[in-house]
Amino acid sequence: MDDLVRETIVASFSRIVMQRCDHRLVDCAVEHKHSAAATPCDPELTAQLKRATRSAVSAMAPGGHGHAGAESTATPVLMSGAGHDAMAMARLTRVGMLFVRCRGGVSHSPEEHVAEDDVWAAGLALLRFLDQHAVAEL
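As structure tokens, this is what we get:
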């Protein structure tokens, strides 16, 4: 999502909140506490992470490692609404991110839960990603 789209959504949501409050004769104020520019991930790193993830999930599937192995090798590319170190690092270098799925999509919350097999799949994906780079350096 680009910054203009995000800002448009925030402005629209703020207007709706104010209209609903006015309609109910309720005083309210909408304060925008934080805003940060979007940080795009490097397309090449994203493609490499995607390949490494597919490889890791495929490698886990034959052994029947439960949750991770039971899924297809689909590897969606996601946008994160959370602030990450990537925002600062992008000023210095290319960035990419590997997300580990959470039950119900709940993340950055005490209710966050990740299946053990998904942790293993993510670790294997990261290892395969790093192996790709080590081989490329030779």
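Numbering (our numbering), first residue to last: 41 to 178.
Yeah, the Cβ is synthetic: ideal placement off N, Cα and C, and Gly gets one too.
Taking the C-alpha atoms as reference points, what is the distance between residue i and residue j?
| i | j | result |
| --- | --- | --- |
| Q4 | S120 | This structure gives no information on residue 4, because the portion of the chain shown stretches from 41 to 178. |
| A78 | V154 | 26 Å |
| D157 | M129 | 29 Å |
| F53 | D62 | 14 Å |
| V57 | C68 | 8 Å |
| L132 | D125 | 11 Å |
| G109 | A99 | Bear in mind that the predicted position of G109 carries a pLDDT of just 44, short of 50, making it too unreliable to give a figure here. |
| V159 | R60 | 43 Å |
| E47 | V175 | 42 Å |
| E151 | V140 | 15 Å |
What first and last residue would you give for the alpha helix (DSSP H) that runs through residue i?
| i | result |
| --- | --- |
| H63 | 43-63 |
| R141 | Neither: R141 is in no alpha helix (DSSP H) and is coded neither H nor E. |
| R94 | 83-100 |
| A128 | 126-129 |
Counting only the same chain and skipping the five closest in sequence on each side, list residues whose C-beta sits under 6 Å from that of residue i.
| i | result |
| --- | --- |
| L89 | G136, L138, F169 |
| A183 | Outside the shown range of the chain, which is 41 to 178, sits residue 183, and nothing can be said about it. |
Beta-carbon within less than 7 Å of residue i's beta-carbon, same chain only, minus the 5 sequence neighbours each way: which residues are those?
| i | result |
| --- | --- |
| M127 | A76, T79 |
Worksheet item: If you pair each beta-carbon of the stretch 157-176 with each one of the stretch 93-103, do three or more pairs fall below 8 Å?
Response: Flag = yes, the stretch 157-176 and the stretch 93-103 touch.
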